[in-house]
Amino acid sequence: KELNTELNQLAWKDTLPLLATKPRQLDVKQGNVLVKVNQYVKKGDVLISHQIEDTKQQIKMIPTLGSVEAYTYQYIEASSSNVKDKDIFAYLLFKIRSQLPKDVKIDREKVLSYDIIEKKYVLKMQYVFIEDIAIREDS
49 KELNTELNQL AWKDTLPLLA TKPRQLDVKQ GNVLVKVNQY VKKGDVLISH QIEDTKQQIK
109 MIPTLGSVEA YTYQYIEASS SNVKDKDIFA YLLFKIRSQL PKDVKIDREK VLSYDIIEKK
169 YVLKMQYVFI EDIAIREDS
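In the working numbering, each residue's number is its place in the sequence shown (first place is 1) plus 48.
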């Protein structure tokens, strides 16, 4: 790819737009923002552009710096038919927590239901995470 003089001063990777990896609401911290705070986005939407129009209506390439943190939601269920365990709730909660992604911050954890269904203890949880949903577009 041929780069003009202005782009040669920037790392090529830093001039690529940032795209959403998940369909979620977002909070853009910096960059040439193309979306509004709390706007719903879907996978592949450009969030921060690498192009800006100057006063002479010419397109300039700029670096795309920043992160895009968003609330994401995940529902997880665990079950067990082990009735001998004295604290089955704690066991199921541990089982669910061990499935959580390692690279996210937990904002909220909510018990949706805890029931016995067909002789099984079933725990359903909802998690709200804060995570970076932006990736660089492939060149």
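Just so it is clear, CB atoms sit at the ideal spot from N, CA and C, and this is done for glycine as well.
The structure displayed is predicted, hence computed values, not measured ones.
- Task: Measure how close the beta-carbons of Val-81 and Ser-127 come, nearest whole angstrom, since I'm counting them as under 8 Å.
- Result: With 8 Å as the limit, Val-81 and Ser-127 do not qualify as a contact, their Cβ atoms being about 44 Å apart.
- Task: Return the chain-ordered list of same chain residues with a C-beta closer than 8 Å to the C-beta of Asn-56, the five sequence neighbours on each side being excluded.
- Result: Because the pLDDT of Asn-56 is 43, which lies under 50, any placement of that residue in the model is unreliable, and the question is left without a value.
- Message: Taking 8 Å as the limit between beta carbons, can you name the residues of its chain near Ile-165, skipping five residues before and five after?
- Response: Ser-127
- Take Val-176 and list the residues in its own chain whose beta-carbon comes closer than 7 Å to its own, dropping the five residues that flank it on each side. Tyr-119, Tyr-121, Asp-155 and Arg-156
- Going by other Cβ atoms of all chains shown within 10 Å of its Cβ, with 16 needed for buried, is Ile-100 buried or exposed? exposed
- Task: Rank Lys-167, Lys-91 and Ser-146 by C-alpha distance to the C-alpha of Met-173 and give the top, closest one.
- Result: Ser-146
- Query: Between which two residues does the beta strand (DSSP E) carrying Lys-143 extend?
  - Reply: Looking at the DSSP string, Lys-143 is not in any beta strand (DSSP E); the run it does join, the alpha helix (DSSP H), is 136 to 145.
- Item | Start and end residues, beta strand (DSSP E) containing Tyr-121 | 116 to 128
- Message: Looking at Ser-129: is its Cβ nearer than 8 Å to the Cβ of Lys-153?
- Response: no
- Query: In whole angstroms, what separates the C-alpha of Ile-107 from that of Asp-151?
  - Reply: 36 Å
- DSSP-derived helix/strand/coil call for Val-176: strand
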